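If you read the protein sequences in the order shown, they are chains U and D. All letters in the first sequence, in the order written, are residues 1 to 141 by the numbering used here. All letters in the second sequence, in the order written, are residues 142 to 806 by the numbering used here. Cβ atoms here follow ideal geometry from the backbone N, Cα and C, with glycine treated the same way. Because the structure is a prediction, the values reported are computed rather than measured. Here the structure comes first, spelled out in structure tokens, and everything after it is commentary.
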Amino acid sequence: MTPTLLGRWQSRLLLLATVGLLVTLPFSMGWIVLGSYPVFLWVLGYVAVFGIGWDLLYDYLQKFRWDRDWPAAFQLLAGIWEAIFILLLFKTIGLPGIARTTPIGWFALHYSLIWLAVFTMSQTLMRVVFLRSRFRGGQWL
Amino acid sequence: MNPGLLQIRLRWDDPATGERREPILSVPIALGREFAQMPASLREQRVARIMLDSGQVSRFHALIEQDSVGVAIADQNSSNGTFVNGTRQTRSFLTNGDTIQIGPYQISVFLDIQSAATPIGDSTILFHSETDLPVPDATSTPSESTPTAPAARSNFPPPFFQAQQVSMRDLMDTELMVHEFDYAAIGAGLGSFIWVDLLRLCGARLNQVVAIGMEPQPYARYQRLCQNSQIPLHERLRSNSDSCPDNIWGFPSYAFRESWHSFRQGQIGSALKYLWQVFAEPTLAETYTPRSGSVFASIDREAQRIGWQQIFRYGRVLSIRQTNDGRYAIAYSRSTASHREHAFIVSRYLHLATGYPAIQFLPDLQAYREKTGDFKSVVNAYEEHEHVYQKLEQYGGTVLIRGRGIVASRIVQRIYEARKKNPHISLLHLMRSPKPQGNKFGKAQRQVKHHYEFQPFNWPKACWGGEFRAVLESADPQQRSRLLADWGGTTTADRHAWQRIVQEGLNQGWYKIAFGEVERVEQDGQKGTITYIQEKDFKGKTQLEADFIIDATGLDAKVNANPLLEDLVTHYDLPINALGRLSVANDFELVEMRSSGQGRVYAAGAATLGGPHAAVDSFLGLQYAALAAVDSLVSTRAPNLRYLNGLTSLTQWLRWVTNQAPNQP
Ligand SMILES: Cc1cc2nc3c(=O)[nH]c(=O)nc-3n(C[C@H](O)[C@H](O)[C@H](O)COP(=O)(O)OP(=O)(O)OC[C@H]3O[C@@H](n4cnc5c(N)ncnc54)[C@H](O)[C@@H]3O)c2cc1C
């Protein structure tokens, strides 16, 4: 993958707002466990907002690579790191919308599913629907 | 001796195109990136100023001067330094045969200007105008392929083709066949196929489109070049998993397809390996590349699906002219060995994808061939040269390879395989100079091992769809040649198998790497060939004896090597870019070919290098160019074309998956 900064931002926001939301709804609407859990929507929001910043860092790191590329494996590592970051924040200083008591297991399950869905979509449907985006570093607009 | 008159010869290959430069210059010589920043004169002597276009070169980088002791090069406080024979120097005396490295430029120095002279002459191998095979002897090409001299043998194209524009009436009056189309692809190779494929996806009907070329399979020439350069069907190309000439979406990629295939055969291990490769490449796993056979098979399927056999028309295009109704007239020959036939096609939109104009051949090897008539011992890697391996397997012998790109790697592998049948084969790899360090760009540097420079593909990956694509597209012509010099150069792929072979060969002594500038190559009775190397410091000359010499250096040539393009360029006075290729707009249009009407001409492939895209000569680059050209056609409301938006793209993809034709015939 050879994303550009604009491409990273655009794909991140698009995919989180679509498949990310689709994965989150069953959690937040209580279809999995009875009740209403807006905390999952907050998590989704944080992944998007912090991600805008992380993308700046990834884009900077990419400049040290001769091919200016970003292996899919790095995307996985980045995903793990972003999860740990959010987890640390809400467990220590706390994040608005996410109670400190939120169980790590549920967070991890929800986050992993989002990551997997976003990654899969970026490699499949995204290419089909936005066929020019792969020539533009992931930009679809 | 009058110090002002000392002349030396510098020689280097342009890092973007591989083209050889070899000026003779009077000392002092300034080297740098900006002409105006270099001194015009020094101590009342005129300075020869050489521009080296690269971001790694400082504006005034180094100065070659003569003093009472000899000729020396002095670095002018450059940011990236001046290397002499691989060592960074602020000032160093130069001796004959030294190599100076400045940024991506490797410059050889000859103080003895006579002896090093490269034989002059046109050292390219042309593709035969009837068989499309590489023709060893440039002079034997039949004259019919030279449209600039059409009257020499036949009166076709007719005399009215000398005019700027031709009329339909003129064409009809010849009583030859005239067919009309909306879209015509010239070449019918991979670039044409990819463009036609996209036109079909966007709605073009079969009877609107024609592709004129010499062989019905779009990959015919490509497959031949692959096979000659030692990529048989089961071997892997140097191509990304999602560079699929049969599928504009790059999904499912070749790795997915191969993985699925292995999975169905119960080879779970291989299936997982391919997926892991595309997940982790190139840092944690070796880059996945498809087998050439799989790519050809996928093209066959797509050709069938889009109706290529109805679109393809056999013919050799001799000349193209504007018509006075805003279209283009194509004069082509359908002649075969047994009969003569000429015809015209008139089309509103054209796409030129005629591939490599010619194969480059090292001038000293070309001179050898011309002098001796021996086309068996000295071969080009892209020519058919199976006899070399057969002879080696049978009798053993020594092979000398020139060049250090991917083709050289493949030949090393082929020799390694031959050695299993006959261990009395040794390999001498002659390189012009050591490669102490790889190209640099920004914060990154290309990796070097055993004097081979590594890169997964022929350009840095971001040239196709990443940051570099955008940077190059928005650069001006001058910046473009600088960027191409920085990113270009000869590289090979970092494959474990090849590195093992090289290491093993070096350890066991049957593989040797030698450095030097070739002065001449001569025939040596029964023994084969002798290559005379220009030795440093006039200490004597090294001679390398070899039974065979394989030139694995290059393929590209300027557009004027292709008679059709040369005719077009001279007739319409088309602009040529800094690399000697067709100058195209960002949507790959040859804007100067527009006339009064709606007609448009686009180009793709090696003939457009130096323009908006670096990787023009690759599957994905051809797809990029096709997409740009077709989107531009859609915006001019070309007949029946619709923009491929999210929905139509998805529909077309589903048709691809289910192997249904793109639309009504
Ligand atoms: C050995 C080798 C390996 C390569 N491997 C890869 C790879 O792995 N991945 C990748 O992406 N790229 C690869 N490439 C680069 C590139 O993708 C191919 O060269 C590709 O074939 C280029 O397509 P093209 O349409 O420009 O030229 P071609 O496919 O060569 O087609 C041009 C056609 O035009 C015809 N033609 C020329 N003049 C006329 C005329 N006057 N009238 C009629 N017909 C004419 C020719 O006969 C030829 O058939 C490789 C190239 C080579 C040589």
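Its Cα nearest to that of GLU658 of chain D, the residue D:THR683 stands out among D:ASP273, D:LEU235 and D:THR683. Taking 7 Å as the cut-off, the Cβ atoms of GLY332 of chain D and ALA745 of chain D count as close. The C-alpha of ILE335 of chain D is placed about 25 Å away from the C-alpha of ALA634 of chain D. With a cutoff of 6 Å, VAL662 of chain D does not count as near ligand 1, since its C-beta is closer than that to no heavy atom of the ligand.
Look at TYR429 of chain D: its beta carbon is at least 6 Å from all of the heavy atoms in ligand 1.
By the C-beta density criterion, ASN580 of chain D is buried, having at least 16 other C-beta atoms within 10 angstroms.
Here the distance from the Cβ of THR158 of chain D to the nearest heavy atom of ligand 1 is not below 6 Å. Looking only at U:TRP106, U:GLY105, U:LEU25 and U:GLY51, the smallest Cα-Cα distance to GLN10 of chain U is reached by U:GLY51. One thing to note: ILE674 of chain D has its Cβ no nearer than 7 Å to the Cβ of GLU663 of chain D. With a beta-carbon spacing of about 7 Å, PRO3 of chain U and GLY607 of chain D fall inside the 8 Å limit used to define contacts.
Taking the Cβ of PHE453 of chain D as the reference point, every heavy atom of ligand 1 lies at 6 Å or farther away. Residues of the segment 61-74 of chain U with a C-beta atom less than 7 Å from some C-beta of chain D are LYS63, PHE64, ARG65, TRP66, ASP67, ARG68, ASP69, PRO71, ALA72 and ALA73, listed in chain order. For ALA726 of chain D, not one C-beta of chain U is nearer than 7 Å to its own C-beta. C-alpha of SER209 of chain D to C-alpha of VAL168 of chain D: approximately 13 Å in a straight line. For THR632 of chain D, there is no enclosing alpha helix (DSSP H), as DSSP gives it neither H nor E. For the segment 111-128 of chain U, the set of positions with a beta-carbon nearer than 7 Å to some beta-carbon of chain D reads THR124, ARG127 and VAL128 in chain order. DSSP places GLN684 of chain D in the strand class (E or B) of the three-state scheme. The alpha carbon of VAL212 of chain D has as its nearest neighbour, out of D:CYS367, D:ILE170 and D:TYR557, the alpha carbon of D:ILE170. Contact annotation: in the segment 756-780 of chain D, residues whose CB is within less than 7 Å of a CB in chain U are TYR765 and LEU768. Shortest gap from the CB of CYS385 of chain D to any heavy atom of ligand 1: 6 Å or more. Put simply, of D:LEU147, D:ALA189, D:GLN247 and D:GLN242 the residue whose alpha carbon is nearest the alpha carbon of ARG161 of chain D is D:GLN247.
Inter-segment contact for the segment 30-41 of chain U and the segment 127-138 of chain U is absent: fewer than three beta-carbon pairs are separated by less than 8 Å. Taking one beta carbon from each stretch, the segment 477-487 of chain D and the segment 316-326 of chain D have 3 or more pairs nearer than 8 Å; the two touch. Judged by beta-carbon spacing, HIS570 of chain D lies within the 7 Å limit of ILE654 of chain D, meaning their Cβ atoms are closer than that value.
For the segment 413-427 of chain D, the residues whose beta carbon sits under 8 Å from a beta carbon of chain U are, in order, VAL419, PHE420, ALA421, GLU422, PRO423, THR424 and LEU425.
The beta-carbon distance between LEU378 of chain D and VAL436 of chain D, rounded to whole angstroms, is 7 Å. This is short enough to meet the 8 Å contact definition. At a beta-carbon threshold of 7 Å, the residues of chain D lying near LEU131 of chain U are ILE389, TRP390, LEU785 and SER790, ordered along the chain.
If you ignore the 5 residues before and after GLY407 of chain D, its C-beta comes within less than 6 Å of no other C-beta in its own chain.
At a cut-off of 6 Å, the beta-carbon of VAL553 of chain D does not count as near ligand 1: no heavy atom of the ligand is closer than that.
The beta-bridge partner set that DSSP reports for PHE453 of chain D consists of D:ALA352. Scanning D:GLU524, D:ILE500, D:ALA748 and D:LEU347 for the CA closest to the CA of GLN371 of chain D turns up D:GLU524. A straight-line Cα-Cα distance of about 45 Å links THR424 of chain D and ASP515 of chain D.
Per the C-alpha coordinates, the member of D:SER773, D:GLY434, D:LEU706 and D:GLY721 positioned closest to GLU730 of chain D is D:SER773.
For GLU206 of chain D, no alpha helix (DSSP H) encloses it; the enclosing beta strand (DSSP E) starts and ends at 203-207.
If you check each beta-carbon in the segment 602-620 of chain D against every beta-carbon of chain U, the ones closer than 9 Å belong to LYS602, ALA603, CYS604, TRP605, GLY606, GLY607, GLU608, PHE609, ARG610 and ALA611.
A residue is called buried when at least 16 other Cβ atoms come within 10 angstroms of its Cβ; GLU399 of chain D meets this threshold and is buried.
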